[in-house]
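Asks: Counting from 1207, one number per residue, gives the positions in the sequence shown under the working numbering.
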Amino acid sequence: MAAFVVAACDAPAREIAPLPNVTPGAIEAVTTPAPTGTPVPAPDPALYAKLRVFVASESTDQVWVLDGAPGQPYALVGKIGVGRMPHQMATSPDGKWIAVNNRMANTTSIIDPFAMKELVRLAVGKQPHGITFSPDAKTLFVAHEKDPWIARFEVGTWKPLAPLMVGVPQHVLTIPTSRPNELWFTLTNTSEGDVLRVYDLETNKVTRIRISDVHDAYFTPDETEVWSSSSGFLDRPSDRMVIYDPVNKVVKQEIRFPGRYPFHTEKANQDGTFFIADKNVMVLSDHLGPSLLWIDWKERRIIGETTLGKQPFHTTYDPEGGRLLTTTNADGMVNVIDVKTRAVVQKVPVPKAHGIGAVALAGS
């Protein structure tokens, strides 16, 4: 196993105890008429002055922070000490919080994205991996690769809520905005079948989907389908993807992308607050390219490719700059990609970059 450098926080974060006894005035706009009397459309207001991007650096035990204004390159503006091996990351849908799982510390760090400071370090179960916020930004969910329950926390107070006792270790989490009571999760470290399941947050019932070999699972941009990648092991590539009906929770189709190894896409309630406007296109990180694949998901075909360094993982979107940012772990980079040309326009070094998230910064 690689050596890890333990980074101290600027200020000590308060610890929250583990879950108990868990073993298994609208303002009117004033307009000035044009001299000719011809209506003049107002320019579209900017979404933000800058996008602030957070990247989990697994080998430094830090979250690195990049700022980028539209039309300007991204620059490193800070490093935040967290727990050992920060891995999967989530951005709250209201853009107020960043959460990152410290995979080898059994903790989850909560970051104030504006102060660039770790506020609290939550005690969770063994080997936290999957992480997501609820669509209303009121609950944080944390999955464990070596515990049979999913942790829940109240956003803001960060008090632990009753865990979801699912009975098996989990890998990733997905919760769609259109179906906010459904928490989808994949299984790991288990011999059980039906490795994609759905927890109903209203009824507390779990639906098992009849499928084997699932790595990550994610909704299409319009949330009418779920796709899952396979394997997830770096040394065991798989070109297989499975497509599901999220209403009936059954397999619709199995497809292959020969010579590819699909991994992740940008997820709602996790990887950022902005998403590509063209809902016909889904991007997938590909470990065999290695590349970022541009997929016409309705046609089930690759329509473009952006070559990247080894082991591309997670992606976030900068709409004002017209850029995607994708992490590559082996070469330690954040790759800034022009959405129109699909070309890499900048590389920002971040050691062992993995999870990513982003929030909007207003102008001063």
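A virtual CB, placed ideally from N, CA and C, is assigned to each residue, including glycine.
For I1316, count the other beta carbons within 10 Å of its own beta carbon; 16 or more makes it buried, fewer makes it exposed. Which is it?
Replies: Translated into positions along the sequence shown, residue 1316 becomes position 110. Flag for I1316 reads buried.
Asks: For Y1523, name the three-state secondary structure that DSSP assigns.
Replies: Residue mapping note: residue 1523 aligns to position 317 of the sequence shown, counting from 1. Three-state result, Y1523: strand.
Asks: Report the rounded CA-to-CA distance for V1412 versus I1449, giving the unit in angstroms.
Replies: In the sequence shown, residue 1412 corresponds to position 206, counting from 1. In the sequence shown, residue 1449 corresponds to position 243, counting from 1. For V1412 and I1449, the distance between alpha carbons rounds to 20 Å.
Asks: With distance defined between alpha-carbon atoms, name the residue in T1426, D1406 and D1400 nearest to I1417.
Replies: The residue labelled residue 1417 in the question sits at position 211 within the sequence shown. When only C-alpha atoms are compared, the closest one is D1400.
Asks: Nearest by alpha-carbon distance to V1374: which of T1363, A1305 and L1402 is it?
Replies: The residue you call residue 1374 lines up with position 168 of the sequence shown. That would be L1402, whose Cα lies nearest to the Cα of V1374.
Asks: Quick check: what's the CA-CA separation for R1309 versus G1528?
Replies: The count along the sequence shown starts at 1 and reaches residue 1309 at position 103. The count along the sequence shown starts at 1 and reaches residue 1528 at position 322. Whole-angstrom Cα-Cα distance: 32 Å.
Asks: Tell me the DSSP bridge mates of V1404?
Replies: In the sequence shown, counting from the first residue as 1, residue 1404 sits at position 198. In DSSP, V1404 forms a bridge with W1390 and T1413.
Asks: From what residue to what residue does the beta strand (DSSP E) around H1560 run?
Replies: The sequence position of residue 1560 within the sequence shown is 354, counting from 1. Its beta strand (DSSP E) spans residues A1559 to L1567.
Asks: What's the C-alpha gap between F1519 and N1387?
Replies: Against the sequence shown, residue 1519 aligns to sequence position 313. Against the sequence shown, residue 1387 aligns to sequence position 181. Taking the straight line joining both Cα atoms gives about 27 Å.
Asks: Please classify F1320: is it buried, with 16 or more other beta-carbons within 10 angstroms of its beta-carbon, or exposed?
Replies: For the purposes of this step, residue 1320 is identified with residue 114 of the sequence shown, where counting begins at 1. Result: exposed.
Asks: Thinking C-beta only, is A1296 closer than 8 Å to P1339?
Replies: Translated into the one-based positions of the sequence shown, residue 1339 becomes position 133. Translated into the one-based positions of the sequence shown, residue 1296 becomes position 90. Checking the sequence, you will find Phe at residue 1339 rather than Pro. For F1339 and A1296, yes; Cβs fall inside 8 Å.
Asks: Pull up the DSSP beta-bridge partners for K1285, would you.
Replies: Taking the first residue of the sequence shown as 1, we reach residue 1285 at position 79. Bridge partners of K1285 according to DSSP: W1270.
Asks: Going by the beta-carbon positions, is the gap between N1475 and P1341 smaller than 8 Å?
Replies: Position 269 of the sequence shown, counting from 1, holds the residue named residue 1475. Position 135 of the sequence shown, counting from 1, holds the residue named residue 1341. Yes, they are a contact pair.
Asks: Measure from the alpha carbon of H1560 to the alpha carbon of each residue in T1547, G1538, A1329 and V1545, then state which is nearest.
Replies: Position 354 of the sequence shown, counted from the first residue, corresponds to residue 1560. It is G1538.
Asks: Could you check if P1279 is buried or exposed, using at least 16 other CB atoms within 10 Å of its CB as the buried criterion?
Replies: For the purposes of this step, residue 1279 is taken as the residue at position 73 of the sequence shown. By the neighbour-count rule (16 or more Cβ atoms within 10 Å), P1279 is not buried but exposed.
Asks: Here's the rule: buried if 16 or more other CB atoms are within 10 angstroms of the residue's CB, otherwise exposed. What is I1461?
Replies: Locating residue 1461 in the sequence shown gives position 255, counting from the first residue. Label assigned to I1461: exposed.
Asks: For N1454, does the count of other Cβ atoms within 10 angstroms reach 16, so buried, or fall short, so exposed?
Replies: For this step, residue 1454 is matched to residue 248 along the sequence shown. That one is exposed.
Asks: If you pair each beta-carbon of the region 1540-1547 with each one of the region 1498-1516, do three or more pairs fall below 8 Å?
Replies: yes
Asks: Are the beta-carbon atoms belonging to A1566 and T1479 less than 8 Å from one another?
Replies: Stepping through the sequence shown from its first residue, residue 1566 is reached at position 360. Stepping through the sequence shown from its first residue, residue 1479 is reached at position 273. Yes, these two residues count as a Cβ contact at 8 Å.
Asks: Counting only runs that start and end within the region 1434-1507, where is the beta strand (DSSP E) found for 3 or more residues in a row?
Replies: 1446-1451, 1456-1462, 1487-1492 and 1497-1502
Asks: Could you give the distance in angstroms between the alpha-carbon of S1397 and the alpha-carbon of G1336?
Replies: By one-based count along the sequence shown, residue 1397 stands at place 191. By one-based count along the sequence shown, residue 1336 stands at place 130. Cα to Cα, S1397 sits roughly 19 Å from G1336.
Asks: Near L1370, which residues of its chain fall below 7 Å by C-beta distance, leaving aside the five closest residues on each side in sequence?
Replies: For the purposes of this step, residue 1370 is identified with residue 164 of the sequence shown, where counting begins at 1. Counting only Cβ-Cβ distances below 7 Å, and skipping sequence neighbours, we find W1355, I1356, R1358 and Y1405.
Asks: Return the chain-ordered ranges of every beta strand (DSSP E) run that is complete within the region 1343-1382 and spans a minimum of 3 residues.
Replies: Listed in chain order, the beta strand (DSSP E) runs fully inside the region 1343-1382 are 1345-1350, 1355-1360, 1366-1371 and 1376-1380, counting runs of at least 3 residues.
Asks: Assuming Q1552 is part of the beta strand (DSSP E), what are its boundary residues?
Replies: In the sequence shown, counting from the first residue as 1, residue 1552 sits at position 346. Note, Q1552: beta strand (DSSP E), V1550 to P1555.
Asks: Per DSSP, which one or two residues make a beta bridge with Y1424?
Replies: For the purposes of this step, residue 1424 is taken as the residue at position 218 of the sequence shown. Y1424 pairs with W1433.
Asks: When you compare only the Cα positions, how much space is there between A1252 and E1526?
Replies: Numbered from its first residue, the sequence shown carries residue 1252 at position 46. Numbered from its first residue, the sequence shown carries residue 1526 at position 320. Taking the straight line from one Cα to the other gives about 7 Å.
Asks: Tell me whether E1324 sits in a helix, a strand or coil according to DSSP, three-state version.
Replies: Residue mapping note: residue 1324 aligns to position 118 of the sequence shown, counting from 1. Strand at E1324.
Asks: Specify the secondary structure class of G1510 as computed by DSSP and reduced to three states.
Replies: In the sequence shown, residue 1510 corresponds to position 304, counting from 1. Note: G1510 maps to strand in three-state DSSP.
Asks: For chain B, is any of its Cβ atoms less than 8 Å away from the one on T1297?
Replies: Absence of chain B from the displayed structure is noted, only one protein chain being present.
Asks: How many whole angstroms separate the CB atoms of V1269 and V1288, which I take to be in contact at a CB cut-off of 8 Å?
Replies: Counting from one through the sequence shown, the residue named residue 1269 turns up at place 63. Counting from one through the sequence shown, the residue named residue 1288 turns up at place 82. Your pair V1269 and V1288 checks out as a contact, with CB atoms roughly 6 Å apart and the cut at 8 Å.
Asks: Work out the CA separation of V1550 and M1322 for me, nearest whole Å.
Replies: Here the question's residue 1322 lines up with position 116 in the sequence shown. Here the question's residue 1550 lines up with position 344 in the sequence shown. Straight-line Cα distance between these residues: approximately 27 Å.
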